[in-house]
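**Q** Once you've had a glance at the structure underneath, I'll fire off some questions.
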Amino acid sequence: MTLYDLLKLFAFRLDAETAHGLGHRLLEAIQGTPLERVVADHYTVVDSRLRVETLGQSFPNPIGVAAGFDKNATAPSALAALGFGHVEVGGVTAEPQAGNPRPRLFRLPEDGALINRLGFNNDGADVIGERLERTDCPVPVGVNIGKSKSTPNEDAEEDYLYTFERVGSGEYFAVNVSSPNTPGLRALQERDRLASILRTLSEAGADPLLVKLSPDLTEAAVEDALGVVDDLDLAGVIATNTTTDRPPWLRGTHADEAGGLSGEPIEDESTGRIRFIAERTEKPIVGVGGVSDAAGAYEKIRSGASLVQLYTGLVYEGPSIARDINRGLLERLERDGFDSIEQAIGVDV
Ligand SMILES: Cc1cc2nc3c(=O)[nH]c(=O)nc-3n(C[C@H](O)[C@H](O)[C@H](O)COP(=O)(O)O)c2cc1C
Numbered sequence: 060m061t062l063y064d065l066l067k068l069f070a071f072r073l074d075a076e077t078a079h080g081l082g083h084r085l086l087e088a089i090q091g092t093p094l095e096r097v098v099a100d101h102y103t104v105v106d107s108r109l110r111v112e113t114l115g116q117s118f119p120n121p122i123g124v125a126a127g128f129d130k131n132a133t134a135p136s137a138l139a140a141l142g143f144g145h146v147e148v149g150g151v152t153a154e155p156q157a158g159n160p161r162p163r164l165f166r167l168p169e170d171g172a173l174i175n176r177l178g179f180n181n182d183g184a185d186v187i188g189e190r191l192e193r194t195d196c197p198v199p200v201g202v203n204i205g206k207s208k209s210t211p212n213e214d215a216e217e218d219y220l221y222t223f224e225r226v227g228s229g230e231y232f233a234v235n236v237s238s239p240n241t242p243g244l245r246a247l248q249e250r251d252r253l254a255s256i257l258r259t260l261s262e263a264g265a266d267p268l269l270v271k272l273s274p275d276l277t278e279a280a281v282e283d284a285l286g287v288v289d290d291l292d293l294a295g296v297i298a299t300n301t302t303t304d305r306p307p308w309l310r311g312t313h314a315d316e317a318g319g320l321s322g323e324p325i326e327d328e329s330t331g332r333i334r335f336i337a338e339r340t341e342k343p344i345v346g347v348g349g350v351s352d353a354a355g356a357y358e359k360i361r362s363g364a365s366l367v368q369l370y371t372g373l374v375y376e377g378p379s380i381a382r383d384i385n386r387g388l389l390e391r392l393e394r395d396g397f398d399s400i401e402q403a404i405g406v407d408v
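Going by the working numbering, 191 is the number at position 132 of the sequence shown; the sequence numbering is gapless.
What follows is the structure in structure tokens.
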């Protein structure tokens with residue numbers, strides 16, 4: 060039993076969002092203190108074979124924190140100290156938002172899953188933009204941009220643009236049109252709407268710009284989105300967000316809660332999507348969905364992901380997850396005769 064297993068006995072008795080808040084406050088408390096260095100020494104795997112050059116950046120390892128964990132960009136460098144190679148902060152919206160009424164985050168421990176319907180609760184682009192300008196983080200920080208709930212879909216361009224203009228100090232920008240928790244948002248994945256939003260941001264200088272897709276899109280809709288990425292010569296794709304599907308075999312008592320399902324139940328679907336996308340584009344893919352160990356991360360990389368992100372795995376496996384995955388990746392590289400992780404990207408495609 061690890062220390063985190065013990066901690067979980069306590070934390071999992073709390074409401075999931077309360078527990079997340081406590082964990083996050085702990086990260087904020089160590090950030091910028093001498094303890095951060097101690098934590099970094101404990102969790103960071105330094106090995107040049109893990110380095111990935113993509114999106115115009117140098118990532119010290121392929122494992123990043125997915126959007127939603129550090130919504131307000133208050134702990135990126137503490138997360139880097141846990142050994143992550145990048146942190147995607149946000150979703151940030153133009154307006155500060157309270158999100159949906161609580162409870163709105165649920166654990167399904169039997170399934171290694173979460174269901175959330177947070178609804179883009181965040182401090183808003185003005186505050187987060189200023190925070191990012193003061194942020195000093197040793198790994199790349201991407202910014203996930205969502206649409207304010209009060210902005211109708213027809214005005215989405217201005218809303219995304221407002222946010223981008225304030226969070227421009229990020230190292231990449233992810234347009235989130237795939238959250239199931241803002242009514243109507245996913246309709247913006249339709250080809251013309253998507254093209255219009257992405258063109259607006261691209262012309263405003265958002266670079267590198269990626270689009271984050273829902274696992275619930277049809278294959279034809281994914282191909283449409285890839286067409287837009289190619290037409291506008293965008294940087295890449297993030298696959299995938301959470302799903303509104305509920306596999307019938309879920310065992311968690313909260314399986315019927317409304318919202319987006321993440322974690323182990325979406326792992327294979329997400330990896331399949333990555334492979335589908337990799338078969339159709341040379342653009343870098345950021346793979347996300349259900350990763351909780353080195354085997355899962357390696358499978359996503361071999362299926363075409365240049366970088367891998369996780370959120371739910373961090374909740375269940377705890378603060379050592381990035382270190383454990385990075386160590387496991389090195390073992391797999393040696394086993395399979397690769398000199399670097401970059402050589403393994405897409406070998407199964
Ligand atoms: C509580 C929670 C909040 C999230 N918030 C966002 C968000 O604001 N923007 C976004 O693009 N994805 C968000 N996500 C989706 C994750 O970034 C990720 O795509 C998804 O959870 C699948 O990865 P996982 O199985 O490793 O959790 C959120 C996920 C969770 C669990």
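Ideal placement from N, C-alpha and C gives every residue a C-beta, glycine not left out. Remember, predicted model here, so these are calculated numbers, not experimental data.
Could you name each continuous alpha helix (DSSP H) segment of 4 residues or more that falls completely within the segment 200-283, going from the start of the chain to the end?
**A** 215-225 and 250-262
**Q** With DSSP as the reference, identify every bridge partner of Q116, one or two as the case may be.
**A** The residue labelled residue 116 in the question sits at position 57 within the sequence shown. Bridge partners of Q116: T113.
**Q** Between E217, I333 and L73, which has its C-alpha nearest F165's C-alpha?
**A** Here residue 165 refers to the residue found at position 106 of the sequence shown. If we check each option's Cα against that of F165, L73 comes out closest.
**Q** Decide if L101 is buried, meaning its Cβ has at least 16 other Cβ atoms within 10 Å, or exposed.
**A** By one-based count along the sequence shown, residue 101 stands at place 42. Reading off the sequence, residue 101 comes out as His, not Leu. Its Cβ having fewer than 16 others within 10 Å, H101 is exposed.
**Q** Might you give, ordered along the chain, the residues of its own chain that have their beta carbon closer than 6 Å to the beta carbon of A70, omitting 5 neighbours on each side?
**A** Counting from 1 along the sequence shown, the entry for residue 70 is found at position 11. These residues qualify, in order along the chain: A78.
**Q** Using 9 Å as the threshold, is the C-beta distance between G348 and S362 below it?
**A** Here residue 348 is taken as the residue at index 289 of the sequence shown, counted from 1. Here residue 362 is taken as the residue at index 303 of the sequence shown, counted from 1. No, they are not a contact pair.
**Q** If you draw a straight line from the C-alpha of T218 to the C-alpha of D64, how long is it?
**A** Numbered from 1 along the sequence shown, position 159 holds the residue referred to as residue 218. Numbered from 1 along the sequence shown, position 5 holds the residue referred to as residue 64. Looking at the sequence provided, one finds Asp at residue 218 rather than Thr. Rounded to the nearest angstrom, the two C-alpha atoms are 42 Å apart.
**Q** Any heavy atom of ligand 1 closer than 8 Å to the CB of I325?
**A** Taking the sequence shown and counting its residues from 1, the one referred to as residue 325 is at position 266. Answer for I325: yes, Cβ within range of ligand 1.
**Q** Which term fits T312, buried or exposed, when burial requires 16 or more other beta carbons within 10 angstroms of its beta carbon?
**A** One-based indexing of the sequence shown puts residue 312 at position 253. Around the Cβ of T312, a 10 Å sphere holds fewer than 16 other Cβ atoms; the residue is exposed.
**Q** What are the boundary residues of the alpha helix (DSSP H) that I297 is part of?
**A** For the purposes of this step, residue 297 is identified with residue 238 of the sequence shown, where counting begins at 1. Here I297 belongs to no alpha helix (DSSP H); instead the beta strand (DSSP E) covers G295 to A298.
**Q** Give the range of the alpha helix (DSSP H) segment to which G188 is assigned.
**A** Translated into positions along the sequence shown, residue 188 becomes position 129. Where G188 is concerned, the enclosing alpha helix (DSSP H) stretches over A184 to R193.
**Q** Can you find a heavy atom of ligand 1 that lies under 8 Å from the Cβ of Y231?
**A** In the sequence shown, counting from the first residue as 1, residue 231 sits at position 172. It does not: the Cβ of Y231 is nowhere closer than 8 Å to a heavy atom of ligand 1.
**Q** Going by Cα to Cα distance, which pick from L272, C196, G286 and A140 is closest to T302?
**A** Within the sequence shown, numbered from 1, the residue matching residue 302 stands at position 243. It is L272.
**Q** Measuring CA to CA, which of A294, S351 and D315 is closest to E341?
**A** Numbered from its first residue, the sequence shown carries residue 341 at position 282. Closest by alpha carbon: A294.
**Q** What's the C-alpha gap between G355 and L257?
**A** What you label residue 355 is simply residue 296 of the sequence shown in a count that begins at 1. What you label residue 257 is simply residue 198 of the sequence shown in a count that begins at 1. About 31 Å.
**Q** Beta-carbon separation of A317 and R176 under 9 Å?
**A** Along the sequence shown, one-based indexing puts residue 317 at 258. Along the sequence shown, one-based indexing puts residue 176 at 117. For A317 and R176, yes; Cβs fall inside 9 Å.
**Q** Taking the Cβ atom as the reference point for each residue, do Y357 and R391 lie within a distance shorter than 9 Å?
**A** Start at 1 with the first residue of the sequence shown, and residue 357 comes out as number 298. Start at 1 with the first residue of the sequence shown, and residue 391 comes out as number 332. In contact: Y357 and R391 (Cβ atoms closer than 9 Å).
**Q** What are the start and end residues of the alpha helix (DSSP H) that includes A139?
**A** Counting from one through the sequence shown, the residue named residue 139 turns up at place 80. First-last of the alpha helix (DSSP H) with A139: P135 to A140.
**Q** Spatial neighbours of P267 within its chain, please: C-beta separation below 6 Å, excluding the five flanking residues on both sides.
**A** Here residue 267 is taken as the residue at index 208 of the sequence shown, counted from 1. Cβ neighbours of P267 beyond the five flanking positions: L114, G115, Y231 and A294.
**Q** So is E393 in contact with chain D if we call contact Cβ pairs under 9 Å?
**A** Protein chain content of the structure displayed is limited to a single chain, and chain D is not contained in it.
**Q** Measuring CB to CB, does I360 end up less than 9 Å from R108?
**A** Position 301 of the sequence shown holds residue 360. Position 49 of the sequence shown holds residue 108. No.
**Q** So what does DSSP say about Q368, is it helix, strand or coil?
**A** Taking the first residue of the sequence shown as position 1, residue 368 is located at position 309. The answer is strand: DSSP assigns Q368 an E or B state.
**Q** Express the C-alpha separation of A132 and L389 in angstroms, rounding to a whole number.
**A** On the sequence shown, residue 389 is found 330 positions in, with the first residue counted as 1. On the sequence shown, residue 132 is found 73 positions in, with the first residue counted as 1. Spanning the two alpha carbons is a distance of roughly 30 Å.
**Q** What is the rounded straight-line gap between the Cα of P162 and the Cα of G127?
**A** Counting from one through the sequence shown, the residue named residue 162 turns up at place 103. Counting from one through the sequence shown, the residue named residue 127 turns up at place 68. Taking the straight line joining both Cα atoms gives about 16 Å.
**Q** Tell me whether S379, by its Cβ, gets closer than 8 Å to a heavy atom of ligand 1.
**A** Translated into the one-based positions of the sequence shown, residue 379 becomes position 320. Checking every heavy atom of ligand 1 against the Cβ of S379, none is found closer than 8 Å.
**Q** Beta-carbon within less than 6 Å of G243's beta-carbon, same chain only, minus the 5 sequence neighbours each way: which residues are those?
**A** Here residue 243 refers to the residue found at position 184 of the sequence shown. Cβ within range, chain order: N212.
**Q** Going by DSSP, which residues form a beta bridge with G123?
**A** Position 64 of the sequence shown, counted from the first residue, corresponds to residue 123. Answer by DSSP bridge pairing, in chain order: H145 and Q368.
**Q** Under 8 Å by Cβ, that's how I've got A322 and G150 pegged, so tell me the actual separation to the nearest angstrom.
**A** Locating residue 322 in the sequence shown gives position 263, where the first residue counts as 1. Locating residue 150 in the sequence shown gives position 91, where the first residue counts as 1. For the sequence presented, residue 322 should be read as Gly rather than Ala. That pair is no contact at about 19 Å.
**Q** Given R382, which residues of its chain have a CB within under 6 Å of its CB, disregarding the five upstream and five downstream residues?
**A** Here residue 382 refers to the residue found at position 323 of the sequence shown. These residues qualify, in order along the chain: Y102, V104 and G142.
**Q** By the 10 Å Cβ neighbour count, where 16 or more other Cβ atoms means buried, how is L285 classified, buried or exposed?
**A** In the sequence shown, the residue the question calls residue 285 occupies position 226. Its Cβ being crowded by 16 or more others within 10 Å, L285 is buried.
**Q** Please state if the CB of V226 and the CB of L191 are separated by a distance shorter than 9 Å.
**A** As a first step, residue 191 must be located in the sequence shown, where it is residue number 132. As a first step, residue 226 must be located in the sequence shown, where it is residue number 167. Yes; because the gap between Cβ atoms is below 9 Å, this pair is in contact.
**Q** Let me check you understand the geometry: is the CB of V98 closer than 8 Å to at least one non-hydrogen atom of ligand 1?
**A** Residue mapping note: residue 98 aligns to position 39 of the sequence shown, counting from 1. No, ligand 1 has no heavy atom inside 8 Å of this Cβ.
**Q** Is DSSP giving T303 helix, strand or coil here?
**A** One-based indexing of the sequence shown puts residue 303 at position 244. Note: T303 maps to coil in three-state DSSP.
**Q** Please confirm whether A125 and L86 have their CB atoms less than 9 Å apart.
**A** Position 66 of the sequence shown, counted from the start, is the residue given in the question as residue 125. Position 27 of the sequence shown, counted from the start, is the residue given in the question as residue 86. For A125 and L86, no; Cβs fall outside 9 Å.
**Q** Please report the Cβ distance between I187 and A233, rounded to the nearest whole angstrom; I am assuming they are in contact, meaning their Cβ atoms lie under 8 Å.
**A** Translated into positions along the sequence shown, residue 187 becomes position 128. Translated into positions along the sequence shown, residue 233 becomes position 174. That pair is no contact at about 14 Å.
**Q** DSSP three-state label for I404, please.
**A** As a first step, residue 404 is located in the sequence shown; it is residue number 345 there, counting from the start. Looking at I404 - three-state DSSP - the assignment turns out to be coil, as it is neither helix nor strand.
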